[in-house]
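A short write-up of the structure that comes next.
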Amino acid sequence: MKPPPFEYFRPETLGDAIAILDRTDNAKVLAGGQSLMAMLNLRYVFPDALVDINNLFDIAGVELDRDRIRIGAMTRQRHIELDDALYRSMPIFREALKLVGHRQTRNRGTIGGSLCHLDPASELATLALLLDARIEAQGPAGARQIPVDEFITGFMMPGIAHNEIVTAVEFTPWSPTHGHAFMEFSRRHGDFAIASAAVLVERDDHGVVTDAAISIGGLGSTPQRHAAGEALLLGSDGSRDAIEAAVEDFGALEMIGDFHGGAEYRQSVARVMLRKALDTALSRAAQKRGRLNA
Amino acid sequence: MHEVALLVNGEARRGSVEGRTTLADFLRHELGLTGTHLGCEHGVCGACTVLVDGASVRACLMLAVQADGAIVETVEGLARPNGDLHPLQDAFRETHGLQCGFCTPGMLMTIVELLRENGAPTEAEIRDAISGNICRCTGYQSIVDAVLKVAAEDRGAP
């Protein structure tokens, strides 16, 4: 179908964009458009106005410091996927981005747009939660940073006001010896995942897990941290038994079924993805630690 | 209405569009470039893939007004003005990469972007690149063969 009529604005500055949002009822921000345009074409949404932020070039780009990764909200997904410095620091970004849609959608789609759309299976939201990202938003009252667990307020509900725009996402990189994995299952490559598992781990010279983060996408109404699994891994030897314990203990996770897959099926898929992701991340961490000591 | 001026296949084009007009509809209805096909109109099928400033995009997921000032390439721009086919189009013909032809313009534009980035893609890279282009005839194998053929010719193989 075709989009319903709307008023179209393309401000040249962030201030103008916020001012338009502030004074306009029922306006939506148009970032990369890879979800919003589809929803407009299907007439799932009827905004009175679109505020196109594609000319806000200041809020695009990847900045990498030793202790901070800052990605502008309008950075295209394909740009993040191909950024070599980011890949060397945190290879999980490329691994996750390769699973986001297809090259044509990644050429337009942005990190800020993905986070604000907040699909439960969104790889970027799952990754942001895994990395305890801080989401920077700007509104009439100025800029603020929102911890990702406060930003994710519910099913496709980002924690920002109607007159705020997400401008950047900040992450803290892990040590050079961390292990990573992002695994998901979808019926066709590029579809929304039935379930996904993202894992980061650190191990010491004896193989003991000294840090662990696990994020599960697709299973519930939002991406979720698997805190019980993290606790079980921490201090363990990272063996098969430790992996199985973390995979088994899904009690605290929300599970929702839909016509793509029932709750039990999603849980079963999430467990398989988590088992594979833990296995891969733990062996990558061991390898990196081994190379460091070689 | 919004005035737009853009370069389409090397030609300066202008138009007056509603905010809600997609780039795909503008190309087809205003400029008469019906080579860009529309299948699903929600970004899944890939038939409407065109290049905007060199990057492959879904023309159904972009507004025409957003292409103001852009360089747009569509399937009509692939063949030479004298009618000689683009090497990729030739390879599609040679390997039977077309069946009904509906997905072909999107496939071609996606692969043009791939080959500009990487003149010698592997079969896996080709399959990954066209994963966002659906062929209802399921003729993927001969499409992959066409790309491998062009890549091999590029390297001077027979």
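First to last, the sequence lines map onto chains A and B.
In this text, residue positions in the first sequence follow our numbering: the first is 1, and each later residue adds one.
In this text, residue positions in the second sequence follow our numbering: the first is 1001, and each later residue adds one.
For each residue, glycine too, the CB sits at the ideal point set by N, CA and C.
A quick note: this is a predicted structure, and the numbers were derived from the prediction, not measured.
Subject >> Contact under 8 Å by Cβ, Gly1046 (chain B) with Gln104 (chain A) >> reply: Counting from one through the second sequence, the residue named residue 1046 (chain B) turns up at place 46. Counting from one through the first sequence, the residue named residue 104 (chain A) turns up at place 104. Against a cut-off of 8 Å, the Cβ pair of Gln104 (chain A) and Gly1046 (chain B) comes out as a contact.
Subject >> Closest by C-alpha distance to Leu253 (chain A), when choosing among A:Leu234, A:Gln224 and A:Ser268 >> reply: Residue numbering aside, residue 253 (chain A) sits at position 253 when the first sequence is read from its first letter. Considering only alpha carbons, the answer is A:Gln224.
**OP:** Measure the beta-carbon distance from Asp249 (chain A) to Gly229 (chain A) and round it to whole angstroms, keeping in mind my assumption that it falls under 8 Å.
**Re:** By one-based count along the first sequence, residue 249 (chain A) stands at place 249. By one-based count along the first sequence, residue 229 (chain A) stands at place 229. With a Cβ gap of about 6 Å, Asp249 (chain A) and Gly229 (chain A) count as contacting.
Subject >> Reference Lys1149 (chain B), options B:Asp1128, B:Cys1135, B:Asn1133 and B:Ile1111, closest by Cα >> reply: Here the question's residue 1149 (chain B) lines up with position 149 in the second sequence. Closest option to Lys1149 (chain B), judged by alpha-carbon separation, among B:Asp1128, B:Cys1135, B:Asn1133 and B:Ile1111: B:Ile1111.
Subject >> CB-CB length for Ala213 (chain A) against Met273 (chain A), believed under 8 Å >> reply: Taking the first residue of the first sequence as position 1, residue 213 (chain A) is located at position 213. Taking the first residue of the first sequence as position 1, residue 273 (chain A) is located at position 273. In fact, because the Cβ distance is near 15 Å, the residues do not count as touching under 8 Å.
Original post:
Name the chain A residues whose beta carbon is nearer than 7 Å to that of Gln1066 (chain B)?
Top reply: Looking up residue 1066 (chain B) in the second sequence gives position 66. Here the neighbours are Asp52 and Asn54.
Original post:
Anyone know if the C-beta pair for His966 (chain B) and Tyr8 (chain A) falls short of 8 Å?
Top reply: Residue 966 (chain B) cannot be examined here, being either before or after the span of chain B that is shown, 1001 to 1158.
Original post:
In chain B, what lies closer than 8 Å to Glu7 (chain A) by C-beta?
Top reply: Indexing the first sequence from 1 puts residue 7 (chain A) at position 7. Those are Gly1019, listed as they occur along chain B.
**OP:** Check each candidate in B:Glu1094, B:Thr1034, B:Cys1048 and B:Ala1079 and name the one with the smallest Cα separation from Gly1010 (chain B).
**Re:** Position 10 of the second sequence, counted from the first residue, corresponds to residue 1010 (chain B). When each option's Cα is compared against that of Gly1010 (chain B), the closest is B:Ala1079.
Original post:
Contact check, Ile194 (chain A) vs Gly142 (chain A) under 8 Å by CB: the rounded distance?
Top reply: By one-based count along the first sequence, residue 194 (chain A) stands at place 194. By one-based count along the first sequence, residue 142 (chain A) stands at place 142. Not a contact, Cβ separation roughly 41 Å.
Subject >> Any chain A beta carbon closer than 8 Å to Thr1104 (chain B) >> reply: Taking the second sequence and counting its residues from 1, one reaches residue 1104 (chain B) at position 104. Chain A, which has no Cβ nearer than 8 Å to the Cβ of Thr1104 (chain B), makes this no.
Subject >> Limits of the unbroken beta strand (DSSP E) element including Glu12 (chain A) >> reply: Walking along the first sequence from the start, residue 12 (chain A) turns up at place 12. Element bounds for Glu12 (chain A): n/a, residue is neither H nor E.
Original post:
Per DSSP, Leu1007 (chain B) forms a beta bridge with which residues?
Top reply: Along the second sequence, one-based indexing puts residue 1007 (chain B) at 7. The partner list for Leu1007 (chain B) (beta bridge, DSSP) reads B:Ala1012 and B:Ile1071.
Original post:
If you check the beta carbons only, do Ser268 (chain A) and Pro120 (chain A) fall under 8 Å apart?
Top reply: On the first sequence, position 268 is the one that residue 268 (chain A) refers to. On the first sequence, position 120 is the one that residue 120 (chain A) refers to. No, the pair does not count as a contact, with Cβ atoms beyond the cut-off.
Original post:
What residue from A:Arg291, A:Ile146, A:Glu244 and A:Arg289 has the CA that sits closest to Arg271 (chain A)'s CA?
Top reply: On the first sequence, residue 271 (chain A) is found 271 positions in, with the first residue counted as 1. Closest by alpha carbon: A:Glu244.
Original post:
Nearest chain A C-beta to His983 (chain B) closer than 8 Å, yes or no?
Top reply: With chain B running from 1001 to 1158 in the structure shown, residue 983 (chain B) is simply not present.
Original post:
Ser122 (chain A): which of A:Asp205, A:Ser35 and A:Val208 sits nearest, CA to CA?
Top reply: As a first step, residue 122 (chain A) must be located in the first sequence, where it is residue number 122. That would be A:Ser35, whose Cα lies nearest to the Cα of Ser122 (chain A).
Original post:
chain B partners of Pro147 (chain A), CB-CB under 8 Å?
Top reply: Walking along the first sequence from the start, residue 147 (chain A) turns up at place 147. Chain-ordered listing is empty here: chain B has no CB closer than 8 Å to the CB of Pro147 (chain A), the nearest sitting near 31 Å.
**OP:** Determine the DSSP secondary structure at Ile135 (chain A), reduced to helix, strand or coil.
**Re:** Numbered from 1 along the first sequence, position 135 holds the residue referred to as residue 135 (chain A). Taken through DSSP and simplified to helix, strand or coil, Ile135 (chain A) comes out as strand.
Original post:
Counting only runs that start and end within the region 91-164 of chain A, where is the alpha helix (DSSP H) found for 4 or more residues in a row?
Top reply: 92-97, 103-106, 111-117, 123-130 and 148-151
Subject >> Proximal residues of chain A, C-beta to C-beta of Ala1055 (chain B) below 7 Å >> reply: One-based indexing of the second sequence puts residue 1055 (chain B) at position 55. Correct list: Asn107.
Subject >> DSSP beta-bridge partners of Ser1142 (chain B) >> reply: Here residue 1142 (chain B) refers to the residue found at position 142 of the second sequence. None, per the DSSP bridge assignment.
Subject >> Partner residues on chain B for Met90 (chain A), Cβ-Cβ distance less than 8 Å >> reply: Residue 90 (chain A) sits at position 90 when you count from the first residue of the first sequence. By Cβ distance, chain B contributes nothing, its closest Cβ being about 22 Å from Met90 (chain A), past 8 Å.
Subject >> Cβ separation of Leu1061 (chain B) and Ala38 (chain A), assumed to be a contact under 8 Å, to the nearest whole Å >> reply: For the purposes of this step, residue 1061 (chain B) is taken as residue 61 along the second sequence, with counting starting at 1. For the purposes of this step, residue 38 (chain A) is taken as residue 38 along the first sequence, with counting starting at 1. 6 Å between Cβ atoms; contact.
**OP:** Identify each residue in the region 216-250 of chain A for which the Cβ-Cβ distance to at least one residue of chain B is less than 7 Å, and report them in chain order.
**Re:** none
Original post:
Residues in the region 1027-1050 of chain B with C-beta within 7 Å of chain A's C-beta atoms, listed in sequence order?
Top reply: Within the region 1027-1050 of chain B, the qualifying residues are Glu1041, His1042, Gly1043, Gly1046 and Thr1049.
**OP:** Consider the Cβ of Ala1129 (chain B): report whether some Cβ of chain A lies at a distance smaller than 8 Å.
**Re:** Position 129 of the second sequence, counted from the start, is the residue given in the question as residue 1129 (chain B). Yes, Ala1129 (chain B) counts as interfacial toward chain A.
Original post:
What does Thr184 (chain A) pair with, by DSSP beta-bridge criteria?
Top reply: Residue 184 (chain A) sits at position 184 when you count from the first residue of the first sequence. The amino acid at residue 184 (chain A) is misidentified as Thr; the sequence shows Glu. DSSP, once it has assigned bridges, lists A:Ser196 as partnering Glu184 (chain A).
Original post:
Once you ignore the five residues that flank Val1075 (chain B) on each side, which residues in its own chain have a CB closer than 7 Å to its CB?
Top reply: Stepping through the second sequence from its first residue, residue 1075 (chain B) is reached at position 75. Around Val1075 (chain B): Gly1035, Thr1036, Pro1105, Leu1108 and Met1109.
Original post:
Where do the ends of the alpha helix (DSSP H) carrying Arg43 (chain A) lie?
Top reply: Residue mapping note: residue 43 (chain A) aligns to position 43 of the first sequence, counting from 1. Run containing Arg43 (chain A): none; DSSP gives neither H nor E here.
Subject >> Span of the alpha helix (DSSP H) around Glu244 (chain A) >> reply: Here residue 244 (chain A) corresponds to residue number 244 of the first sequence, with the count starting at 1. Run containing Glu244 (chain A): Arg240 to Glu248, per the alpha helix (DSSP H) assignment.
**OP:** Would you give the residue range spanned by the beta strand (DSSP E) that Val208 (chain A) belongs to?
**Re:** Residue 208 (chain A) sits at position 208 when you count from the first residue of the first sequence. Run containing Val208 (chain A): none; DSSP gives neither H nor E here.
Subject >> CB contact below 8 Å: Gly61 (chain A) versus chain B >> reply: Stepping through the first sequence from its first residue, residue 61 (chain A) is reached at position 61. So no, Gly61 (chain A) is outside the interface.
Subject >> Where His1002 (chain B) sits in the DSSP three-state scheme >> reply: In the second sequence, the residue the question calls residue 1002 (chain B) occupies position 2. The answer is strand: DSSP assigns His1002 (chain B) an E or B state.
Original post:
Run through DSSP, which three-state label would Phe1092 (chain B) get?
Top reply: Taking the second sequence and counting its residues from 1, the one referred to as residue 1092 (chain B) is at position 92. Correct three-state label for Phe1092 (chain B): helix.
Original post:
Out of A:Gly179, A:Leu219, A:Glu184 and A:His189, which has the shortest C-alpha to C-alpha gap to Arg203 (chain A)?
Top reply: Against the first sequence, residue 203 (chain A) aligns to sequence position 203. Of the listed residues, the one whose Cα sits closest to Arg203 (chain A) is A:Gly179.
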